[in-house]
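Per the UniProt record's numbering, the very first residue in the sequence shown carries number 1; after that it's consecutive.
Note that beta-carbon positions come from the ideal geometry of N, C-alpha and C, so glycine has one too.
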Amino acid sequence: MASSSRDVVEGSAYIEDEELHSDASEDEQEQPTASSSSTPVTSSKKKKKKSKARAALSKMKAGLSSVAIPQEMVDAVMEKVKEEDPQSQVDKAEIIKQMKAMQIMDILSGKKALGGKGKKDMGEHKFWSTQPVPQIGEQAPEDSGPIEPSVPRDQVRQEAYALPKDFQWVTVDMKNEAECKEVYELLSANYVEDDDASFRFAYTASFLRWALMPPGYHPSWHVGVRVTSSKKLVGFISGVPLKLNIRDQVVAATEINFLCVHKKLRSKRLAPVLIKEVTRRVHLEGVFQAIYTAGVVLPTPVSTCRYYHRTLNLPKLVDVGFTSVPRSMTLARLVRQTALPKKTALPGLREMESHDIPEVEALMIQYMKRFDMIPVFTRGEIEHTFLSGKGTEPMINAARRTDQVVWAYVVETDGKITDFFSFYTLPSSVIGNTKGHKMLEAAYLFYYATDAPEPDLKKRLYELVGDALIIARDAEFDVFNALTLMDNWSFLEDHKFGKGDGLLNFYLYNWRTPLLEGHNPLAGGKGVGRGIGVVML
């Protein structure tokens, strides 16, 4: 099957390079020094300069030799080399050597300064160097735990961070139709898009309420920036409470999401101050850890997963440029090869209902023990996550209700819930398409669980996801997406998912832990994807 030729840049917390990959404001940046003398340089001075240059280069090499290139970055480069030249004999040591050589060239060309100043590569810049996150080049931790200790509320900064002139802070009320619409419109016009500017996430108001208003949410964590004069919303970031189990340590955390700044204002450096302000508000509630994702590399990913795509409406995906037909294949033949059965196959499959919540909870608790980092759901959160987004009548088509954002199904056998799966919708607007398509309807695999024993697990997951694909097709989705997390790796190839271009990096704020297994297996690990049991919206 042809894999997609382009991905929407996947990322829950949208990080704008222009803002976060700059070291400081203009008045803080280093200024070039004027020459102290205009006299010609003598031969003796030239020798001294050459000697100093050699010493500086030696110092540079010595300094870089002690810096560890993050394994995830090395793996990503190796994978890219293999994609472009399958016959290539990739040597990991040589790649590390070349990456360090590139660092030296950055220093010599002025893109990076000796001694740590002016570092702009891979997110090594002033903003992230001040945050309690693992820094790139640090030795990998052997144990898990906080980077900085929690503090009492009265030791948390009480006043909001300063904004540039002409802007003001607001707390966005997501219950208010007009304010929710403002967030929707800001994201629709300015949020994550792919590198070619062909697709952009198109969050709906119903999706945003479902994502941002779980049980126990804090309205103050929905942070906005308005233009003081016009009151126009030009910036937004959100946090929602989430309890995480990270390698058997339960942590009260927040999921940071929907960081967005109006395109015309990205030179104002609003993104860093939005992050600091939501962090301050989270700290005021006694929460000092966070999880977030981004398509860009920042200090420092705890794991990286790759997106895979399963075509459901191939002609449309070709029309919008999401995928292409190989030269040796016709569109009609590829449609036949990727066709799904007409009906679901599992006996006892039905939509999840409220009375299923206790059994689904028990099933998930047992199944999710397989993974290293997982959410800890309450029953109220299970109800909200899998049932509150079911939409309302009337039905739009055979498998979709009005304003539906999540689909959740169970398999009931002899009065017992044995299996559960879910997926959610996140469409993308099609930018500049000449064939009349305005929206790409994408379904994303969400949580699932089964009581199937290990010998039968692969087969059972294949069956569950097979029926999920059929339901998604009947709900008129164009593509079904999945990450290399949980046990997804076991069925992606068998279900003809194609490897996408996009990588999604997972980050933890104020928490160190050894690498979690994502799209690359780790020595002594559980298997591809099984480090990550958290699905970020």
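At which residues does the alpha helix (DSSP H) containing residue i begin and terminate?
i: K181; result: 177-190
i: M395; result: Taken as a continuous stretch (DSSP letters only), M395 belongs to no alpha helix (DSSP H), being part of the beta strand (DSSP E) at 392-397.
i: R336; result: 331-337
i: A205; result: 205-212
i: S388; result: That residue, S388, is in no alpha helix (DSSP H); it is neither H nor E in DSSP.
i: P315; result: 314-319
i: E138; result: No alpha helix (DSSP H) contains E138, which DSSP labels as neither H nor E.
i: S129; result: 126-129
i: L469; result: 454-474
Please name the residue or residues paired with residue i in a DSSP beta bridge.
i: G145; result: R512
i: W407; result: F423
i: S429; result: R200, M439
i: A93; result: Per DSSP, none; premise fails for A93.
i: F167; result: V227
i: P375; result: L244
i: E412; result: I417
i: G239; result: I256
i: H222; result: S238
i: V449; result: According to the sequence as given, residue 449 is Ala; it is not Val. Answer is F420, bridged to A449.
i: H309; result: N481, G498
i: Y367; result: Paired residues: none, contrary to the question.
i: residue 612; result: Lying outside 1 to 537, the shown extent of the chain, residue 612 is not represented and no answer is given.
i: L233; result: R226
i: I382; result: I382 pairs with nothing; no bridge assigned.
i: I532; result: M373
i: Y161; result: Y161 pairs with nothing; no bridge assigned.
At what residues does the beta strand (DSSP E) containing residue i begin and finish?
i: Q249; result: 249-261
i: E351; result: 349-351
i: R401; result: 400-402
Since I believe residue j is in contact with residue i (beta carbons under 8 angstroms), could you give me their beta-carbon distance rounded to a whole number of angstroms?
i: F446; j: S422; result: 4 angstroms
i: residue 540; j: C305; result: Only positions 1 to 537 of the chain appear in the structure, and residue 540 is not among them; the question remains open.
i: D405; j: G389; result: The residue asked about is misnamed: residue 405 is Val in this sequence, not Asp. The Cβ separation is near 4 angstroms, so the contact holds.
i: F199; j: L440; result: 6 angstroms
i: I246; j: I275; result: So it is not a contact: roughly 21 angstroms between Cβ atoms.
i: V376; j: V250; result: 6 angstroms
i: G531; j: M373; result: 6 angstroms
i: E148; j: N510; result: 6 angstroms
i: L363; j: A452; result: Actually they do not touch by this definition, with Cβ atoms about 11 angstroms apart.
i: E401; j: E393; result: In the sequence as displayed, the identity of residue 401 is Arg instead of Glu. Their Cβ separation, rounded to whole angstroms, is 6 angstroms, which keeps R401 and E393 in contact under 8 angstroms.
i: D166; j: S229; result: 7 angstroms
i: T293; j: F506; result: 5 angstroms
i: H437; j: D319; result: 6 angstroms
Q: Ignoring anything shorter than 3 residues or poking outside the stretch 476-522, list the beta strand (DSSP E) runs there in chain order.
A: Counting whole runs of 3 or more residues, the stretch 476-522 contains the beta strand (DSSP E) stretches 479-483, 498-509.
Q) Touching or not, the stretch 452-465 and the stretch 273-288, by the rule of three or more beta carbon pairs under 8 angstroms? A) The answer is no - the stretch 273-288 does not touch the stretch 452-465, with fewer than three Cβ pairs under 8 angstroms.
Q.
Pairs of beta-carbons, one from the stretch 463-472 and one from the stretch 374-382, closer than 8 angstroms: are there three or more?
A. With the cut-off at 8 angstroms, the stretch 463-472 and the stretch 374-382 do not touch.
Q | Segment contact flag, the stretch 308-326 with the stretch 177-184, C-beta cutoff 8 angstroms, min 3 pairs | A | Not touching, per the Cβ criterion.
Q: Taking only runs that begin and end inside the stretch 260-303, name each unbroken beta strand (DSSP E) of 3 or more residues, in chain order.
A: Fully enclosed beta strand (DSSP E) runs of 3 or longer: 289-294.
(Q) Quick test of the definition: if touching needs 3 or more C-beta pairs under 8 angstroms, does the stretch 217-237 touch the stretch 165-175? (A) Between the stretch 217-237 and the stretch 165-175, the count of Cβ pairs shorter than 8 angstroms is three or higher; the stretches touch.
(Q) Pairs of beta-carbons, one from the stretch 498-516 and one from the stretch 141-158, closer than 8 angstroms: are there three or more? (A) Per the Cβ contact rule, the stretch 498-516 is in contact with the stretch 141-158 (3 or more Cβ pairs under 8 angstroms).
Q | At least three beta-carbon pairs within less than 8 angstroms, the stretch 516-524 to the stretch 333-342 | A | No, the stretch 516-524 does not touch the stretch 333-342.
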